[in-house]
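Chains as they are written, first to last, in the numbering used here: chain A, 1 to 261; chain B, 1 to 261; chain C, 1 to 261; chain D, 1 to 261.
Taking it in order: structure first as structure tokens, then the write-up.
Number of protein chains: 4
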Amino acid sequence: MSVRILFIGDIVGSPGRTAISRELHRLVDRHAIDLIIANGENAAGGFGITPDTAAELYRHGVHLLTSGNHIWDKKDNSGFLDREERIIRPLNYPPGTPGRGSTVVETPAGIKVGVLNLEGRVYMKNLDCPFRCADAELEQLRKKTSIILLDFHAETTSEKASLGWYLDGRVSAVVGTHTHVQTADERILPGGTAYITDVGMTGSFDSVIGVDKGQAIQRFLTQQSVKFDIPKKDLRINAVVIGVDTKTGKAVSIERINAAC
Amino acid sequence: MSVRILFIGDIVGSPGRTAISRELHRLVDRHAIDLIIANGENAAGGFGITPDTAAELYRHGVHLLTSGNHIWDKKDNSGFLDREERIIRPLNYPPGTPGRGSTVVETPAGIKVGVLNLEGRVYMKNLDCPFRCADAELEQLRKKTSIILLDFHAETTSEKASLGWYLDGRVSAVVGTHTHVQTADERILPGGTAYITDVGMTGSFDSVIGVDKGQAIQRFLTQQSVKFDIPKKDLRINAVVIGVDTKTGKAVSIERINAAC
Amino acid sequence: MSVRILFIGDIVGSPGRTAISRELHRLVDRHAIDLIIANGENAAGGFGITPDTAAELYRHGVHLLTSGNHIWDKKDNSGFLDREERIIRPLNYPPGTPGRGSTVVETPAGIKVGVLNLEGRVYMKNLDCPFRCADAELEQLRKKTSIILLDFHAETTSEKASLGWYLDGRVSAVVGTHTHVQTADERILPGGTAYITDVGMTGSFDSVIGVDKGQAIQRFLTQQSVKFDIPKKDLRINAVVIGVDTKTGKAVSIERINAAC
Amino acid sequence: MSVRILFIGDIVGSPGRTAISRELHRLVDRHAIDLIIANGENAAGGFGITPDTAAELYRHGVHLLTSGNHIWDKKDNSGFLDREERIIRPLNYPPGTPGRGSTVVETPAGIKVGVLNLEGRVYMKNLDCPFRCADAELEQLRKKTSIILLDFHAETTSEKASLGWYLDGRVSAVVGTHTHVQTADERILPGGTAYITDVGMTGSFDSVIGVDKGQAIQRFLTQQSVKFDIPKKDLRINAVVIGVDTKTGKAVSIERINAAC
Ligand SMILES: [Fe+2]
Ligand SMILES: [Fe+2]
Ligand SMILES: [Fe+2]
Ligand SMILES: [Fe+2]
Ligand SMILES: [Fe+2]
Ligand SMILES: [Fe+2]
Ligand SMILES: [Fe+2]
Ligand SMILES: [Fe+2]
Chain A
1 MSVRILFIGD
11 IVGSPGRTAI
21 SRELHRLVDR
31 HAIDLIIANG
41 ENAAGGFGIT
51 PDTAAELYRH
61 GVHLLTSGNH
71 IWDKKDNSGF
81 LDREERIIRP
91 LNYPPGTPGR
101 GSTVVETPAG
111 IKVGVLNLEG
121 RVYMKNLDCP
131 FRCADAELEQ
141 LRKKTSIILL
151 DFHAETTSEK
161 ASLGWYLDGR
171 VSAVVGTHTH
181 VQTADERILP
191 GGTAYITDVG
201 MTGSFDSVIG
211 VDKGQAIQRF
221 LTQQSVKFDI
231 PKKDLRINAV
241 VIGVDTKTGK
251 AVSIERINAA
261 C
Chain B
1 MSVRILFIGD
11 IVGSPGRTAI
21 SRELHRLVDR
31 HAIDLIIANG
41 ENAAGGFGIT
51 PDTAAELYRH
61 GVHLLTSGNH
71 IWDKKDNSGF
81 LDREERIIRP
91 LNYPPGTPGR
101 GSTVVETPAG
111 IKVGVLNLEG
121 RVYMKNLDCP
131 FRCADAELEQ
141 LRKKTSIILL
151 DFHAETTSEK
161 ASLGWYLDGR
171 VSAVVGTHTH
181 VQTADERILP
191 GGTAYITDVG
201 MTGSFDSVIG
211 VDKGQAIQRF
221 LTQQSVKFDI
231 PKKDLRINAV
241 VIGVDTKTGK
251 AVSIERINAA
261 C
Chain C
1 MSVRILFIGD
11 IVGSPGRTAI
21 SRELHRLVDR
31 HAIDLIIANG
41 ENAAGGFGIT
51 PDTAAELYRH
61 GVHLLTSGNH
71 IWDKKDNSGF
81 LDREERIIRP
91 LNYPPGTPGR
101 GSTVVETPAG
111 IKVGVLNLEG
121 RVYMKNLDCP
131 FRCADAELEQ
141 LRKKTSIILL
151 DFHAETTSEK
161 ASLGWYLDGR
171 VSAVVGTHTH
181 VQTADERILP
191 GGTAYITDVG
201 MTGSFDSVIG
211 VDKGQAIQRF
221 LTQQSVKFDI
231 PKKDLRINAV
241 VIGVDTKTGK
251 AVSIERINAA
261 C
Chain D
1 MSVRILFIGD
11 IVGSPGRTAI
21 SRELHRLVDR
31 HAIDLIIANG
41 ENAAGGFGIT
51 PDTAAELYRH
61 GVHLLTSGNH
71 IWDKKDNSGF
81 LDREERIIRP
91 LNYPPGTPGR
101 GSTVVETPAG
111 IKVGVLNLEG
121 RVYMKNLDCP
131 FRCADAELEQ
141 LRKKTSIILL
151 DFHAETTSEK
161 ASLGWYLDGR
171 VSAVVGTHTH
181 VQTADERILP
191 GGTAYITDVG
201 MTGSFDSVIG
211 VDKGQAIQRF
221 LTQQSVKFDI
231 PKKDLRINAV
241 VIGVDTKTGK
251 AVSIERINAA
261 C
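Pasting the structure below:
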């Protein structure tokens, strides 16, 4: 028996939520999905998440939200993150950080899936070692379930691939997020871990990684900060479908999704 | 009439050259290739290029080599780069840098193709502005041919996508290199420019972006420099085939290649 | 005959302006100052400058303001920078950047002093090469005067010292800014250029480089952005007094100032 | 009663060791020094340290060596660091790193002094949090002595000043190293901790932070790695003398030294 998990790449702003509202149910049917996880760090206007935007995503069927560096963009949501069990943030933030870094969710059929979120350090923040944090947290999670998915939110391909190989055989899947561009390197590593460097992005593709392309270009040309608007055309969902053997926790399949909405 | 260009992602070490020797001719036949360009910055032992490794790649059929930050890893090859017309390096290095940043090559059928190489600045070196360097160089190149391909060797998805949109309609193709992981976002932009964020890598895929995976993991765990060996198993060629209308210089097709060797 | 220039390190917020209002006239008298230049990038609330804060500094006697990366923190002041001849910004920003990167001011006695502003690139923005920009601009400035001061706004000691040595004998002084901590390495290089790695800061020293020390610590502990308040105690002016021979443009003296206010 | 500690800034290559051999005894006499600590990360040829260069420094009177990022430049010295009790390396490297991050030394008169070494993270490596590592280690060290000195090897002034204030009242001194330029901000913080952002460098000052100035300039002009030679002229010792009350562990004085040799 296998459980089929849909993991959706960073949902960017209202166009990202619109894409979800239009196409998610079709993806769920077509791919016989049991559990829907999405990275929501950009769900609210491209920067962070709010109770309302999260609620909208739950209504559309998302079971759990992971996140990353942008989860902190909305100020004063630390109470929200502490309360809200359906959002996790990277585990390797310092002690005292609001929210939680892993959780166990149940599919409607009652299968337990552990979900872990980590953030890379190369060209990002000064966080705790994601490799060692994974070691410690997996020891706990594996007591509860052998089906475990990790969202590794990181910039460089080397840090992502290294953690994928490091955890091969110890988790069901390592899926990368953060670059907003889907990579074509999905595979099942020899130990049974499904891996992809980046799942990509959900929102407007008439854009530079989800934001207005003229403004993105301006930032490079002027070397000054530019306020980014979120364009609304050419909506797509980037995701992966991962099949996991429920007995062994090994991945049996990983398939990329790039769905126009 | 169209010209069909095969652009091959960073060739890493002798396993990368072996992959080329085994499979290139088959790719050329299957895809009716007119011109073969490859990024050779890692061709010699993973770091830089030498006259011998370049000659080996020419023998296998490569017409032109582009490069990037690693082209300088072999010391004392500035004379080589100055002499050798079949290798280009990123144009936006400082005045006085050995070698050249663009060239015009001819296909066997006599069609002229301009090739430009630029390097990104985000999380890389302090080079000249790639956007403005492109503007200036294209003015010259377009006098010679309207078929122009740019290898943009850069780290972040935002810098690559921004330059792609910036040049849309002015070049036939913008292909990204440097991350060694192929992205799944190939498309033809509205103005007629074929675009992909990263073409990927040619060499051993039993690796972290071409180098020994245990050593790559060690570097992250210890935060110390580690000497990288180049593994030899699971050889693949990552590339794109780009079709360009010879009259207009507009791209008519872009197809990803991920060929086991 | 010599001209005596007082160069004041980054003025931070209203405490910095208060320090100037209290002590500047005494420094001018004691050190027989002919010309007063100050880095004003943090003059308004710690971030950027406004017409009002600039006017306040002119009233206290400042003749010219230099700046750096924070000059852009106040939005919509590009018109102000274009108009206002008494503020310069780093010259090596991209073409099209508002404002100017150098100027020639006259002391009350009619001696012309060229002032140039550059920004470093290491761990900062992707700007044009400060070494080459200096070469080009000095060629112009030297036609107008041989007394030239450069404010090099940069992070690392190696980039600052390198530019100092590079320009030794071609400018009267290279004074560093940006780190907000005064260095003790002032000297006159063999070619006659006065040099100091960093002039330091003007404002509250009951702080971490001018901002609330508890908030600064919080940012490191939490790895999250923290809004910074500007404390008001323990006011000091950090500056240097540079004496320049008006015939040769060579520096004859450089003296550090660290004045409690 | 007070103990007087001489802390010497990064000793660079054989010119740095020569400076020590010539002047250290005079400094010790003039300042009535009880304990001599030096940062030795650049003692051997500018990069790392060897058993021989360390032995030479002990012979000249140095009691203990601290270090920083360059301590790892000499390969295969992990056994040396494990064995050698008179060298410490930054404590906040990952578990399993050779060597130790703190120690307790005794002055000839039998006074115990705890010495701790930490490395910054901003623009440096992905290490453990220096603030929290300090908390944990001080709890242990304070059981052995109340006289404690920290060498914080870091790049930015904000990270250094923040840790200084964070530890004010809990250690006798926080001295910064790594930038190789002495700062003029030495003071005793209100809680009794002596503080300086950077002690500076010991070696040739006819240089860019200890290395050949022409080569340093070349690196900026060419954006390529340049092999650095260590110049030999204009030798200086940069250091601080810190007086600590042996009863309370509070600092009673801090004085900068910039001695020509
Ligand atoms: Fe994102
Ligand atoms: Fe992100
Ligand atoms: Fe490469
Ligand atoms: Fe590269
Ligand atoms: Fe500043
Ligand atoms: Fe600044
Ligand atoms: Fe050093
Ligand atoms: Fe260092």
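We put the beta carbon where it would ideally sit given N, CA and C, even for glycine.
Computed from a predicted model, the values in this text were never measured in an experiment.
Q: Name, going along the chain, the residues of the region 155 to 173 of chain B whose beta-carbon falls closer than 7 angstroms to a beta-carbon of chain A.
A: Thr157, Ser158, Glu159, Ala161, Ser162, Trp165 and Tyr166
Q: Could you tell me which residues DSSP pairs with Ile264(D) in its beta bridges?
A: It is not possible to answer for residue 264(D), since the shown part of chain D is limited to 1 through 261.
Q: Return the CA-CA distance between Ile265(D) and Thr202(D), expressed in angstroms with no decimal places.
A: No information on residue 265(D) is available, as it lies outside the stretch 1 to 261 that chain D covers here.
**Q.** Option nearest Arg74(A) by Cα separation, candidates Gly46(A), Leu118(A) and Pro231(A)
**A.** The residue you call residue 74(A) lines up with position 74 of the first sequence. What sits at residue 74(A) in the sequence shown is Lys, not Arg. Closest by alpha carbon: Gly46(A).
Q) Which bits of chain A does Thr97(C) rub up against, with CB to CB less than 9 angstroms? A) Here residue 97(C) is taken as the residue at index 97 of the third sequence, counted from 1. Under the 9 angstroms cutoff, chain A gives Thr222, Gln223 and Gln224.
Q.
Strictly below 8 angstroms CB to CB, what residues from chain C border Lys125(A)?
A. Position 125 of the first sequence, counted from the first residue, corresponds to residue 125(A). By Cβ distance, chain C contributes Gln223.
**Q.** Cβ of Ala260(C) within 8 angstroms of any chain E Cβ
**A.** Reference to chain E is not applicable here, since the protein chains of this structure are A, B, C and D.
Q. Distance, Cα to Cα, Leu163(D) vs Cys133(D)?
A. Numbered from 1 along the fourth sequence, position 163 holds the residue referred to as residue 163(D). Numbered from 1 along the fourth sequence, position 133 holds the residue referred to as residue 133(D). Rounded to whole angstroms, the gap between the alpha carbons of Leu163(D) and Cys133(D) is 11 angstroms.
Q.
Looking at the secondary structure, which residues open and close the alpha helix (DSSP H) in which Arg22(D) lies?
A. In the fourth sequence, counting from the first residue as 1, residue 22(D) sits at position 22. Element bounds for Arg22(D): Gly13 to Arg30.
Q) Between Glu159(B) and ligand 1, is the CB less than 7 angstroms from at least one heavy atom? A) Counting from 1 along the second sequence, the entry for residue 159(B) is found at position 159. In this structure, ligand 1 has no non-hydrogen atom nearer than 7 angstroms to the beta-carbon of Glu159(B).
Q. Of the choices Asn92(B), Thr107(B), Ser158(B) and Thr179(B), whose alpha-carbon is the least far from that of Asp135(B)?
A. The residue given as residue 135(B) occupies position 135 in the second sequence. Taking only the C-alpha atoms, the option nearest Asp135(B) is Asn92(B).
Q. Counting pairs of Cβ atoms below 8 angstroms between the region 188 to 205 of chain B and the region 3 to 20 of chain B, do you hit three or more?
A. yes
Q. Given a limit of 8 angstroms on CB to CB distance, which residues of the region 83 to 115 of chain B reach chain D?
A. Tyr93, Pro94, Gly96 and Thr97
Q) Under 8 angstroms, do Ile5(C) and Ile242(C) count as touching if we go by C-beta distance? A) Locating residue 5(C) in the third sequence gives position 5, counting from the first residue. Locating residue 242(C) in the third sequence gives position 242, counting from the first residue. Their beta carbons are under 8 angstroms apart, which means Ile5(C) touches Ile242(C) by this criterion.
Q | Beta-carbon neighbours of Val302(C), restricted to chain D and to distances below 7 angstroms | A | No answer is possible for residue 302(C): the residues shown for chain C start at 1 and end at 261.
Q: Would you mind working out which of Asp76(B), Phe152(B) and Met124(B) sits nearest Ala285(B), comparing C-alpha positions?
A: As shown, chain B starts at 1 and ends at 261. That puts residue 285(B) outside it, with no answer to give.
Q: Grab the span of the beta strand (DSSP E) containing Thr103(D) for me, first residue to last.
A: Position 103 of the fourth sequence holds residue 103(D). DSSP places Thr103(D) in the uninterrupted beta strand (DSSP E) bounded by Ser102 to Glu106.
Q. How is Asp70(D) classed by DSSP in three states: helix, strand or coil?
A. The residue labelled residue 70(D) in the question sits at position 70 within the fourth sequence. Checking the sequence, you will find His at residue 70(D) rather than Asp. Here His70(D) sits in helix by DSSP.
(Q) Would Ala44(C) and Ile87(C) qualify as a contact pair, given that the criterion is a beta-carbon distance under 8 angstroms? (A) As a working note, residue 44(C) is residue 44 in the third sequence. As a working note, residue 87(C) is residue 87 in the third sequence. It is not a contact, given that the beta carbons lie outside the stated cut-off.
Q) Does the region 119 to 127 of chain B touch the region 119 to 126 of chain C, meaning 3 or more C-beta pairs lie closer than 8 angstroms? A) yes
Q) Name the DSSP bridge partner or partners of Val244(B)? A) Your numbering for residue 244(B) matches position 244 in the second sequence. Looking at the DSSP assignment, Val244(B) forms a beta bridge with Val3(B) and Ala251(B).
Q.
According to DSSP, simplified to helix, strand and coil, what is Lys213(C)?
A. Taking the third sequence and counting its residues from 1, the one referred to as residue 213(C) is at position 213. Reduced to three states, the DSSP call for Lys213(C) is helix.
Q: Express the C-alpha separation of Ala173(C) and Ser146(C) in angstroms, rounding to a whole number.
A: On the third sequence, position 146 is the one that residue 146(C) refers to. On the third sequence, position 173 is the one that residue 173(C) refers to. Near 11 angstroms, if we compare the C-alpha coordinates of Ala173(C) and Ser146(C).
Q. According to a CB-to-CB cut-off of less than 7 angstroms, which residues of the region 193 to 215 of chain A neighbour chain B?
A. Thr197, Val208, Ile209 and Lys213
(Q) Between Gly45(B) and ligand 4, is there a pair consisting of the residue's CB and a ligand heavy atom that are separated by less than 7 angstroms? (A) Counting from one through the second sequence, the residue named residue 45(B) turns up at place 45. Checking every heavy atom of ligand 4 against the Cβ of Gly45(B), none is found closer than 7 angstroms.
Q) Say the cut is 7 angstroms; is the CB of Asp73(B) nearer than that to a heavy atom of ligand 3? A) Within the second sequence, numbered from 1, the residue matching residue 73(B) stands at position 73. Incorrect: Asp73(B) has no Cβ contact closer than 7 angstroms to ligand 3.
(Q) Tell me which residue opens and which closes the beta strand (DSSP E) that Leu150(C) is part of. (A) Here residue 150(C) is taken as the residue at index 150 of the third sequence, counted from 1. Element bounds for Leu150(C): Ile148 to His153.
Q) Among the residues of its own chain, which have a CB less than 6 angstroms from the CB of Ile148(D), if the five just before and after it don't count? A) The residue you call residue 148(D) lines up with position 148 of the fourth sequence. If we look at Ile148(D) and ignore the five residues flanking it on each side, its Cβ neighbours are Gly114, Leu141, Val171 and Ser172.
Q.
Quick check: does the Cβ of Gly68(C) come within less than 7 angstroms of any heavy atom belonging to ligand 6?
A. Numbered from 1 along the third sequence, position 68 holds the residue referred to as residue 68(C). Gly68(C): yes, Cβ under 7 angstroms from ligand 6.
**Q.** Reduced DSSP category for Ala109(A) - H, G, I as helix; E, B as strand; rest coil
**A.** For the purposes of this step, residue 109(A) is identified with residue 109 of the first sequence, where counting begins at 1. Reduced to three states, the DSSP call for Ala109(A) is coil.
Q) Glu41(C): beta carbon under 7 angstroms from a heavy atom of ligand 6? A) The residue you call residue 41(C) lines up with position 41 of the third sequence. True, at least one ligand heavy atom lies under 7 angstroms from that Cβ.
Q | For His178(D), the nearest candidate out of Glu139(C), Gly96(C) and Thr156(C) (CA to CA) | A | Working through the fourth sequence from its first residue, we reach residue 178(D) at position 178. Closest option to His178(D), Cα to Cα, is Thr156(C).
Q: Check whether the Cβ of His63(C) lies closer than 7 angstroms to any heavy atom of ligand 2, and answer yes or no.
A: Indexing the third sequence from 1 puts residue 63(C) at position 63. His63(C) Cβ: outside cutoff for every heavy atom of ligand 2.
Q) Mapping DSSP to helix, strand and coil, what is Asp135(A)? A) Taking the first sequence and counting its residues from 1, the one referred to as residue 135(A) is at position 135. Residue state, collapsed to three classes: helix.
Q: Taking 8 angstroms as the threshold, find out whether the region 58 to 68 of chain A comes into contact with the region 19 to 34 of chain A through three or more Cβ pairs.
A: Yes, the region 58 to 68 of chain A touches the region 19 to 34 of chain A.
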